[in-house]
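Some notes on the structure that comes next.
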Amino acid sequence: MTDPLFEYDGDGDDAATPLTPDEKKGLIPSYITLRRELNEAEQLGITAAEEWAFSRKRDVLDEAFLRSLHKRMFKDVWRWAGELRTTPRNIGIDSWKIGPMLRDFIEDARYWVQHETFPPDEIAARFHHRLVLIHPFPNGNGRHSRLATDLLLVKLGQERFTWGRVSLVNVGETRSKYVAALRAADAHDIQPLLAFVRS
351 MTDPLFEYDG
361 DGDDAATPLT
371 PDEKKGLIPS
381 YITLRRELNE
391 AEQLGITAAE
401 EWAFSRKRDV
411 LDEAFLRSLH
421 KRMFKDVWRW
431 AGELRTTPRN
441 IGIDSWKIGP
451 MLRDFIEDAR
461 YWVQHETFPP
471 DEIAARFHHR
481 LVLIHPFPNG
491 NGRHSRLATD
501 LLLVKLGQER
511 FTWGRVSLVN
521 VGETRSKYVA
531 ALRAADAHDI
541 QPLLAFVRS
C-alpha cells in the first residue's frame with residue numbers, strides 16, 4: 351500500500367522527483383498525512399520566503415544565496431531544506447557534480463548579465479533552465495528556481511514571469527507545457543520556454 355502523502359500520480363509526469371526513504375523522514379510537521387496538506391504547508395513557507403527575498407536587493411547569482419533561499423522556502427517543512435542533494439534523481443545531474451556545475455552555472459549567468467549576452471527574458475529563461483537541469487536539492491527545485499528566476503528578472507529591471515498563470519505543482523495541461531518547454535531547452539531550443547514563461 352502506498353502512502354498518499356508521497357504518492358505521485360501515475361499520469362506519466364516523470365518530471366516529479368520522488369524522495370528517498372531517508373528524505374521522507376525529514377518531514378517536520380507531524381500533522382501532515384496528505385499531499386494537499388504538504389502542498390499547503392510548503393506554500394506558506396514559499397510565500398514567507400518570497401516576501402523576505404523581495405524585501406531588499408539580493409544577489410541571486412550567488413550559491414550561498416540560492417541555498418539560503420531554498421532553506422527559507424522549506425525550513426518549516428523539511429529538515430534538509432537548503433542542503434544540496436546527495437542522492438540520485440530521475441532528472442537532474444549526478445549528485446557529486448552539483449557543486450562544480452552550480453558554480454559554473456552561476457559564473458555563466460553573471461557573464462550573461464554583465465555582457466548582455468541575451469535579452470533579459472532569455473537570460474532569465476536560460477538561468478531557470480540550467481538551475482532546474484542541475485536539480486540541486488532533494489525536492490522543491492522547480493518552485494525554488496522559479497522564485498530565483500523572478501528575483502533575477504527584477505534585478506534586470508523586468509517584470510516577473512507569469513509561468514502560465516497557474517500553479518505548476520499540480521499535474522495538468524499547463525504543467526505539461528512547462529515540462530515540454532524545459533525538455534526542448536534540454537535539446538538547446540529555448541524558444542518554447544521563452545514563450546511559456548510569459549504565457
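Each number in the working numbering corresponds to the 1-based position in the sequence shown with 350 added. A virtual CB, placed ideally from N, CA and C, is assigned to each residue, including glycine. Being a predicted model, the structure only gives us computed values, none of them experimental.
Beta-carbon spacing of residue i, residue j below 7 Å
i, j, result
"G432", "R453", "no"
"N489", "L369", "yes"
"V504", "N491", "no"
"L497", "A459", "no"
"M423", "G395", "yes"
"M451", "I484", "yes"
Residue i, DSSP secondary structure in three states
i, result
"D359", "Only weak support exists for where D359 lies, its pLDDT of 46 falling under 50; the value from the coordinates is given anyway. If DSSP states are grouped into helix, strand and coil, D359 belongs with coil."
"L394", "helix"
"W402", "helix"
"W446", "helix"
"I428", "Position check: residue 428 holds Trp in this sequence, whereas Ile was assumed. Looking at W428 - three-state DSSP - the assignment turns out to be strand."
"A414", "helix"
"V297", "Nothing about residue 297 can be reported from this structure: the residues present for the chain run from 351 to 549 only."
"E492", "A small correction: the amino acid at residue 492 is Gly; Glu does not occupy that position in the sequence shown. In this structure, G492 counts as helix in the three-state DSSP scheme."
"R435", "coil"
"M351", "Bear in mind that a pLDDT of 44 at M351, under 50, signals an unreliable position, so the number given afterwards is only what the model happens to contain. In this structure, M351 counts as coil in the three-state DSSP scheme."
"D500", "helix"
"F455", "helix"
"K421", "helix"
"R510", "coil"
"D369", "The residue you asked about is not Asp; residue 369 is Leu in the sequence shown. Coil at L369, not helix or strand."
"K505", "helix"
"R408", "coil"
"N389", "helix"
Closest Cα partner of residue i within the set the options
i, options, result
"D471", "I443, W513 and W446", "W513"
"T397", "D412, K421 and R480", "K421"
"E387", "R515, F356 and V410", "F356"
"H479", "L411, A534 and V516", "A534"
"A537", "L501, R476 and E457", "R476"
"F511", "F546, M451, F404 and R435", "F546"
"S549", "V516, A399 and V410", "V516"
"W402", "A391, E392, E413 and L419", "L419"
"R439", "F487, N389 and L501", "F487"
"D500", "E373, L434, R408 and N389", "R408"
"D372", "T436, S526, V521 and E390", "T436"
"E390", "G507, Q508 and N520", "N520"
"W462", "T524, L502 and L434", "L502"
"E457", "K375, R406, E400 and E413", "E413"
"F415", "G507, I441, T383 and H494", "H494"
"I441", "L506, S526 and A366", "A366"
Residue interval of the alpha helix (DSSP H) (run including residue i)
i, result
"A531", "E523 to D536"
"I378", "Premise fails: I378 is in no alpha helix (DSSP H) and is neither H nor E."
"S471", "In the sequence as presented, Ser is not what sits at residue 471; that position holds Asp. D471 -> alpha helix (DSSP H) spans P470 to I484."
"P542", "Q541 to V547"
Fill in: Stretch-stretch touch, CB-based, cutoff 8 Å, three pairs: the segment 542-549 with the segment 515-531
Short answer: they touch.
Task: Segment contact flag, the segment 425-444 with the segment 379-397, C-beta cutoff 8 Å, min 3 pairs - done: At 8 Å Cβ cutoff, the stretches touch.
Inter-stretch contact (C-beta, 8 Å, three-pair minimum) for the segment 461-468 and the segment 436-446:
As far as the Cβ criterion goes, the segment 461-468 does not touch the segment 436-446, which means the pair count is below three.
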